[in-house]
Every structure is written in structure tokens, then in C-alpha cells.
């Protein structure tokens, strides 16, 4: 869902400025046409008609037919319709950034707009240039002389003191050649292409079109200010070109009127032709066609009923498309301004973590509020463990749907109709205490918002938009400075009008601003593409069906069509992912009008799921979009800015990883930032964010490619999908992700005796087994003893304390630990704002619980507080008499009940170091490499 109008300045750098010179212009309009006849347009039109009359011909009418004087007037009316978001958003961007754009246009420049309008947009920039005192000549290039006269008449005498306005009567080719004239090319030139100009050009030809203005110039090449529509949300695009008053339809039909004028007779009977617009998700364009209602005759040949003649394509350019365009055109993005971006819960997770640290934190979001429908729906085990560490898993379990089984359906070998081929658990039960849940993203966001409200430290600043971003290079090395400046504006919720502006000075910035990341664009951070696009429809409905597994997750291989994936949701909803694979009829049905798209998708799904029936009366949300894999080249930019979630990586939704990996990104990062800002750790630990999370994204790309191939592969059964999910079960659940050795993950050389815990991998989150509280006999999962409050945990596995050697080893450990001032200080220091001590010690012994007296143990395992008394929640037993699942911790961790061991867990529950109870010095050395306390 790309909801952006992207306005980059594509710039070939120059610094040369020359004073303005007088130009001989009659009536302020220069006729620069090289060919004043319409011979070429007529020939092109006749060729299009001949192609359309052939049975196999795919004809495209010359889009210049649309842009006569009457067509331009129609199009201007279109831009005023409420649903036509392009103009309104571009005007908003120009209003907000006019001075920034004007700063890039030096005095003495020629400002040439490719296609004139009614000055609604360009006037904003001209006024800014005039206010800044820039001596600039503005030229509007257009093929319509009357339109140029009308445009220039809107500039009243004396309107500008520093800006002069002229017209150029001619085509793009004429303008390009005119700009290369010796007397013209010596001046600085900035070319403007606003609105839909570039979007209406063939995508493959657009790079060459832009670069052609630079060709043949060794120096003083022009700069560009380009407007691109990046919205790829089908419903919004279709609505923009289908206004209820039919103005856009009149605009397109006027092309046939112009064709009749050029041909010299009524070749096209307007009553016999319809106009139809469709969204082409695969190519990212809105296509409008002329379609005859019945067989029609043109030039002695027949065009059959329903045959499509392309009137115009409107290509949409998201961030990846824009980067490709710039690369192919040989242009560099210097600045970029974008409208709304899409956010995920990654930012809210970051805020929840930050609320536990004594540091000032602000979270801004230009949306008006949290997500309400659609988006992510699968919550995997590791994410649930993370939510549980904040005490937030209960509402998810109460409201969500457990994803217990995965059913695999495929075609019967004889009938071709689908049948259930196997039914398996969604994931192995041993991976986590939590299985996968299905719950909508809006619900997740609300749970996180409620948590922030309870903590009462950080409030989401809705309707707040970032507009400027800079990093002072002189201050990047210090710990206590604020080198990042973020200019933000508070907007009115109803019209996006700026009400209040401020500059926020920060030590660090986390960009969780989605796949269309404004931050990433400002910093010019490229994304690498890892796959080709494929197109899927996704829809949330309350189904009416006799399909027996509708309330279970299913992978359905549909012969001849690809696949369907289902996921049960809360409130009777079911989500369906429907592959749109080369079925042009389906694409036309689904992409004709927004209100028809859900019906088209479900009709196709029902056909493919034969013999079962499928319909609905309630649709909660839907979308059709291309799937692509992209990964940024760097996660940390200029030392101070971090990319997270979709801003760093995008992929298909097939494994339900998007929200999960995004949340896990910021969960990995923020405790490190909190430790640095509060002076606990050296900033060098921040290097581990990219070294730990980028490999996860790379593995995700690999797994996603394999899984998408399995879903799209027309196999005889669903065996391939099952094999992929089984192979990646631990990775998909998130619990088997293992970080490589770094400053925070001890290597073999720096860790102690890892053989003491053979089933615990250093770098992986610690597995969880039930243990028994020594004081009250209650059973609890060990992972539940590690809440997210900023504390490191040293888990002491003492062995069976009934054995004299084990008791002696434990008391000796406690004595040496207390003598290490560094460790003792970390263990005793208590922080405010819900934070525990930097280092907390927990004891898990292997003795029968009743054989041990808590107060006989060393004090560090039951510390005393003058107001609260003894701490009864630090000592636990691995005792099997307290339930069928208890008594398995030592065996599960691979720890000898006679030897025991030490396991150090980071604040994010990942194992950092393993050693024996005798290796206290090694533990102290581990902390000394990055600790500042």
C-alpha cells in the first residue's frame, strides 16, 4: 500500500549562475515548433486504427489526442474533483516544501515546465522564488497556444518582482532542442514535470526521455523537479479516475472528438464507444481504454465489440520504481518530499521499550490514529513471548484465534477438484509455550497504545509529520550531544494543513516509517531488490461456505491457477490470499471498479475451490498488490539514525513475517539505545543492531522466495509448501533465530564452558521450561521470569544442593560474585520507571523443593529490602512432583544436575554467555568490554 506522492529533485550538480538576459518574445509566447502541421499525429492515429482492426492487434491511440484545448479544460475539472488525490497532495507538498525546493533553484535560472496548467501548482513555487529574491524566468511549454495564453493571463502585471513568465509553443521534442540552443544552454536550467506528465509516458521510455535533456552537454546540465504518483492502493486509484459526475470520462472521450477532427470526418461515433479504466497491479498503472459497444467499422475495417483501444496509461512510481528510474536516467536524487507513509507496530514497540529507560523519547506519526482494518494478521511464537515480557499477551490470547492446524489441499488426480491431502500442526509444540495466533494489526497497535498510556511517559503524537532531517557531522562522535535535527509540523486532522512547526533535536532517530520510508529517502539509502514481483489479492470477509476447513489455516493448490491461502480471524472473519496469476479475465473483473473487486476475488476463489461454495455478505478489508523483496544496504546511517521494519526490508505476506520481524527489529535495538543514553553501556554496542538483524532479513528473503515459489508452483499436491514450512519452522516462529558472535554475544574463545548447557545456543533466545518457585510452590515458565525491564539476568544452575560439592560450589560462587565490585554494583543498583537492576541473579536448583530452606541460601538469591522484606521470586527448583511438565528444565537445557552452570541472558532474553560457577572472572571480563558502570 503505497500512499505517496513523491516529488524528488533529480539533480545533475552544477554551481554556475549567470544573470538573467532579455529574450525577444512576442506576446510573451515563443513559437518553437519545428513542424507546425499535425501530419505526424494523423499518421500515428491511422496506424493505431489499422492495428485495432487486426484480430491480434493491441492498439494504443496517440495520447496527444487528449491534450487539445478542450481536453485540457476537462482535465483541469478532473483535478478539482474530491477523489482526484494527485493534485491535492502535490499542492500540499509544494505548500509545505516550497522554500526548500526554491533553495535549489539559483538566481539567473530558466524554470521550464513541461506542460502548462492553470498555475495552481507552479504559482506556489514562483511565489517562493519571488519572496527569496531569485531572478528567474519561468517558461510554460505546451502544444496548445490558447492554453498558454490563458495560463499567462492569470499572471497579473506586477505580480512578481523577480520572476518573469513566458510561454513556449511546441512539443517536448521542440522544447528539448530549443533548450540546447547556444544562446539558451549557457544559463542554468531547472525542468519541472509536475502532475501526471511523466506517469503518462511509457515506463520503459521515461528514463531516456529525462536523460535526453542532458545528452550532448558536457557541462551545465539541467536539474529536474519531478512529481511522481506513488499510490498503488487499487481502491483509491480507481476512485480518482472514476468521479461520480463523469468528468474524467468526458476528458477521455474528447480524445475521440479530436481524432475525428484530425481525420476530417466522423470516424468515431461517440455513442458507440465506452470508456473503461482498470488497475494493472502487475505493472503498477491505471489504464483507460476505448471499448466499442458493438462491432464498428473504421476505414473499411471492423473493430469487434469489446476490443480495447488504449487511451492512456497512468504509471505509478513507488520508492523502488523511482530509484530504478533515476538509475536508468543517470540522475541523482538530492531531495525528496513525500506524503503519507505506512507504519507498523515496530515504532510502538520501540516506544514501549523506551518507556522503561530514563530518557526523553518522542514518537510521531502523521496518521490520524492507529490502524483499524486489514494489514498484518499472524503473530508468531517469538512475538508473543516478547509481548508476554511486557505483560501484554493476555488480551491477544483472549481476542485472537489460535492457529493450531495447517490443512493442505490440492487437486484430485482424476477429477481435478480439490481435496484435503494432509492435516498437520501449524508448528511443533516444543518450540514455545505460545503457538501462533491470528489477530489484526489494529488490535495489536491498540494493546501497545494502552501499555504506553499505563506507563504514562510517552504519548504518540498523531497528525505530526516530519519534513526536514539533518545530522551535524561535527557532533556525531559524542555521547551527550544532540546531532540529529528533525523538523516536524503538527497538522489539522481534517485537511493536513500545517498548524504548528518545531525542530526536535535528538541523539538518535529510529525510522519505522514503512516501505515508502521518508527517512530512507531523505538519507538516500538504496534498497536492493531480491525478487521479481508477483500479484496477489488479499481480502477479509465473513464467509458463507461449505468448505470444511474454513476455520483453519489452509494452503490450497488450485490446478491451473496457482494457490489460495486462508487464515481464520477474530469476529468470524477469514482472510484469503488469492494468487492472481496470468488470468487476465480475473484481473479485469477484479480491477474494473473498487466495489466489484471483492466480488471478483471471491468469485475466482470459489471457482478454483470447486466443488465447494464460497460467498459473503460482509467484507472488512481488501487489497490487490504486487509482492516484491527489497533490503536496504545499511541499517545504521550516519551513526545516529536506524532503519527498522518495512523501512529496512519488504517481502511477501505468505509466511506472516512482516509485523513479527518488524517488532523484533526494534525489540533488539531499543534496549541498546537505552543502555547507551543512560550511561550503562558504550555506544559501540549499537553496531550490533545491524550485525544481528540484517542476517535475519537476509534469511527471511531466502525463506520467503522458497515459500512463494512453493505456493505459486502448480504441483500435483501441496507437499512442497509443507516441506518449506517444516524446514523453516523454528525461523518462522522466531525462536530459533541465533545471533552470531559479537561484542554482546560471546564467542567460543570468550565464553566459558559451553558444554555445561548442551541444548542452549549462545546467541539464541533462551528456551523455556517450567520451574517451581521455592517460596510458594507455584509453577512458572522460566522465560516468564525475564520481563522486559532493562535487566540482564544471570541464571545460576547450581545442581542438586543436597550434594555437598554443589552447595560448596554455590556459596563459593556467591562470595566471588560479591567480591567483584563491577558485578556487585550491577546487581544491586535499582532504577526507577519500572526498571530492574542492570544485572539480576536467579537460582534454579535441581533438588527437591522441600529439601531446601530459602533463607539458608546466599543472600543474593533472596535479597532483603527494609520496606518490602525478603525477595521470594529469585529462587526456583526443577522438581518433577509439581505437575506433568515440571522437572524437565535441566534435561531440556542439557545441564548436568551434578555440575550445574551459569547462563547469562541479555535484556532481550538472548543468551550472551555460558560458563561454570567457577568462571566469575570470565563473566566480569565479558561486561568490562562495553560496560560503563
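Residue numbers (the UniProt record's numbering): 1 to 933. Backbone N, C-alpha and C define an ideal beta-carbon position, used for all residues, glycine too.
Q. CA-CA distance, residue 139 and residue 484?
A. Your numbering for residue 139 matches position 139 in the chain shown. Your numbering for residue 484 matches position 484 in the chain shown. Rounded to the nearest angstrom, the two C-alpha atoms are 39 Å apart.
Q: With DSSP collapsed to three states, give me the class of residue 113.
A: For this step, residue 113 is matched to residue 113 along the chain shown. Looking at residue 113 - three-state DSSP - the assignment turns out to be strand.
Q | Span separating the alpha-carbon of residue 747 from that of residue 911 | A | Reading the chain shown from its first residue, position 747 is the one you call residue 747. Reading the chain shown from its first residue, position 911 is the one you call residue 911. Cα to Cα, residue 747 sits roughly 12 Å from residue 911.
Q: Assign residue 164 to one of three DSSP states: helix, strand, or coil.
A: Translated into the one-based positions of the chain shown, residue 164 becomes position 164. Residue 164 falls in the strand class under three-state DSSP.
Q: Give the single residue among 707, 682, 637 and 734 whose Cα lies nearest to the Cα of residue 690.
A: The sequence position of residue 690 within the chain shown is 690, counting from 1. Minimum Cα distance to residue 690 is reached at 637.
Q. For residue 832, is the classification buried or exposed, using 16 other Cβ atoms within 10 angstroms of its Cβ as the cut-off for buried?
A. Indexing the chain shown from 1 puts residue 832 at position 832. Because the pLDDT of residue 832 is 45, which lies under 50, any placement of that residue in the model is unreliable, and the question is left without a value.
Q.
My output table needs one value for residue 156: the three-state DSSP class, helix, strand or coil.
A. On the chain shown, position 156 is the one that residue 156 refers to. Under the three-state reduction of DSSP output, residue 156 falls in the coil class, being neither helix nor strand.
**Q.** Coarse secondary structure for residue 297, derived from DSSP in three states
**A.** Along the chain shown, one-based indexing puts residue 297 at 297. Secondary structure of residue 297 (DSSP, three-state): strand.
Q) When the distance is taken between beta carbons, is residue 569 closer than 8 Å to residue 379? A) On the chain shown, residue 379 is found 379 positions in, with the first residue counted as 1. On the chain shown, residue 569 is found 569 positions in, with the first residue counted as 1. No, the Cβ-Cβ distance between residue 379 and residue 569 is not below 8 Å.
**Q.** residue 934 to residue 673 span [Cα, whole Å]
**A.** This structure cannot settle anything about residue 934, because the visible part of the chain is limited to 1 through 933.
Q. Where does residue 51 fall in DSSP's three states?
A. The sequence position of residue 51 within the chain shown is 51, counting from 1. Here DSSP, grouped into helix, strand and coil, assigns residue 51 to helix.
Q: Have a look at residue 621 and residue 565 and give me their C-alpha separation to the nearest angstrom.
A: Sequence index remark: in the chain shown, residue 621 carries index 621 (1-based). Sequence index remark: in the chain shown, residue 565 carries index 565 (1-based). Whole-angstrom Cα-Cα distance: 16 Å.
Q | Backbone secondary structure at residue 742 - three-state DSSP | A | Stepping through the chain shown from its first residue, residue 742 is reached at position 742. In this structure, residue 742 counts as strand in the three-state DSSP scheme.
Q: Could you tell me the distance, in whole angstroms, from the CA atom of residue 448 to the CA atom of residue 771?
A: Within the chain shown, the letter at position 448 stands for residue 448. Within the chain shown, the letter at position 771 stands for residue 771. Within the model, the alpha-carbon separation for residue 448 versus residue 771 is close to 29 Å.
Q) How big is the Cα-Cα spacing for residue 341 and residue 884? A) The count along the chain shown starts at 1 and reaches residue 341 at position 341. The count along the chain shown starts at 1 and reaches residue 884 at position 884. Low local confidence applies: a pLDDT of 47 at residue 341 is under 50, so the model's placement there is unreliable, and no value is given.
**Q.** Backbone secondary structure at residue 709 - three-state DSSP
**A.** Stepping through the chain shown from its first residue, residue 709 is reached at position 709. Three-state DSSP puts residue 709 in a helix.
Q | residue 456 versus residue 539: straight-line alpha-carbon distance, rounded | A | Against the chain shown, residue 456 aligns to sequence position 456. Against the chain shown, residue 539 aligns to sequence position 539. So the alpha carbons of these two residues sit roughly 37 Å apart.
Q. Is it buried or exposed for residue 872, if we count other Cβ within 10 angstroms and need 16 for buried?
A. On the chain shown, position 872 is the one that residue 872 refers to. Exposed, because fewer than 16 other Cβ atoms sit within 10 Å of the Cβ of residue 872.
Q | Closest residue to residue 642 among 282, 608, 437 and 350 (Cα-Cα distance) | A | Position 642 of the chain shown, counted from the first residue, corresponds to residue 642. Out of 282, 608, 437 and 350, 350 has the C-alpha closest to the C-alpha of residue 642.
Q) If you follow the alpha helix (DSSP H) that residue 67 is part of, which residue opens it and which one closes it? A) For the purposes of this step, residue 67 is taken as the residue at position 67 of the chain shown. Residue 67 -> no alpha helix (DSSP H), and no H or E assigned at all.
Q: Take residue 733 and list the residues in its own chain whose beta-carbon comes closer than 8 Å to its own, dropping the five residues that flank it on each side.
A: Here residue 733 corresponds to residue number 733 of the chain shown, with the count starting at 1. Closer than 8 Å at the Cβ level, and outside the excluded window around residue 733, lie 380, 381, 382, 427, 431, 432 and 436.
Q | Identified DSSP bridge partners for residue 31 | A | On the chain shown, residue 31 is found 31 positions in, with the first residue counted as 1. For residue 31, which the question treats as bridged, DSSP gives the partners 169.
Q) What residue does the beta strand (DSSP E) around residue 193 start on, and which one ends it? A) For the purposes of this step, residue 193 is identified with residue 193 of the chain shown, where counting begins at 1. From DSSP, the beta strand (DSSP E) with residue 193 extends over 189–193.
Q | Secondary structure of residue 203, DSSP reduced to three states | A | Along the chain shown, one-based indexing puts residue 203 at 203. Three-state result, residue 203: helix.
(Q) Tell me which residue opens and which closes the alpha helix (DSSP H) that residue 607 is part of. (A) Position 607 of the chain shown, counted from the first residue, corresponds to residue 607. Run containing residue 607: 597–608, per the alpha helix (DSSP H) assignment.
(Q) Taking the alpha-carbon of residue 281 as reference, which of 580, 550 and 367 has the nearest alpha-carbon? (A) Here the question's residue 281 lines up with position 281 in the chain shown. The candidate whose alpha carbon is nearest that of residue 281 is 580.
(Q) If you measure between the beta carbons of residue 222 and residue 191, is that distance less than 8 Å? (A) To locate residue 222, count along the chain shown from 1; it is residue 222. To locate residue 191, count along the chain shown from 1; it is residue 191. In this structure, residue 191 lies closer than 8 Å to residue 222 by Cβ.
Q) Exposed or buried, what is residue 618 when buried is set at 16 or more other beta-carbons lying within 10 Å of its beta-carbon? A) To locate residue 618, count along the chain shown from 1; it is residue 618. Classification for residue 618: exposed.
Q. If residue 693 and residue 504 are in contact, beta carbons under 8 Å, what's the gap, nearest whole angstrom?
A. For this step, residue 693 is matched to residue 693 along the chain shown. For this step, residue 504 is matched to residue 504 along the chain shown. That belief does not hold up - the Cβ atoms of residue 693 and residue 504 are roughly 25 Å apart, past 8 Å.
Q: Assign residue 931 to buried or exposed, taking buried as 16 or more other Cβ atoms, counted over all protein chains shown, within 10 Å of its Cβ.
A: Your numbering for residue 931 matches position 931 in the chain shown. With 16 or more other Cβ atoms within 10 Å, it is buried.
Q) So residue 644 is in the beta strand (DSSP E); what residue range does that whole segment cover? A) Position 644 of the chain shown holds residue 644. No beta strand (DSSP E) holds residue 644; DSSP gives it neither H nor E.
Q: For residue 54, count neighbouring C-beta atoms within 10 Å of its own C-beta (all shown protein chains included) and say buried if the count is 16 or more, exposed if not.
A: In the chain shown, the residue the question calls residue 54 occupies position 54. By the neighbour-count rule (16 or more Cβ atoms within 10 Å), residue 54 is not buried but exposed.
Q) Apart from the five residues just before and just after residue 682, which ones in its own chain have a Cβ nearer than 8 Å to its Cβ? A) Position 682 of the chain shown, counted from the start, is the residue given in the question as residue 682. Excluding residues up to 5 positions away in sequence, 676, 930, 931 and 932 lie with their Cβ nearer than 8 Å to the Cβ of residue 682 in the same chain.
Q) Rounded C-beta distance between residue 28 and residue 214? I'm assuming under 8 Å. A) The sequence position of residue 28 within the chain shown is 28, counting from 1. The sequence position of residue 214 within the chain shown is 214, counting from 1. Residue 214 and residue 28 do not touch by the CB rule: their CB atoms are close to 27 Å apart, not below 8 Å.
Q. Is it right to say residue 607 is buried, meaning 16 or more other beta carbons lie within 10 angstroms of its own, or is it exposed?
A. Taking the first residue of the chain shown as position 1, residue 607 is located at position 607. Counting Cβ neighbours within 10 Å, residue 607 comes out exposed, since fewer than 16 surround it.
Q. Is it true that the CB of residue 616 sits closer than 8 Å to the CB of residue 543?
A. Locating residue 543 in the chain shown gives position 543, counting from the first residue. Locating residue 616 in the chain shown gives position 616, counting from the first residue. A contact, by the Cβ cut-off of 8 Å.
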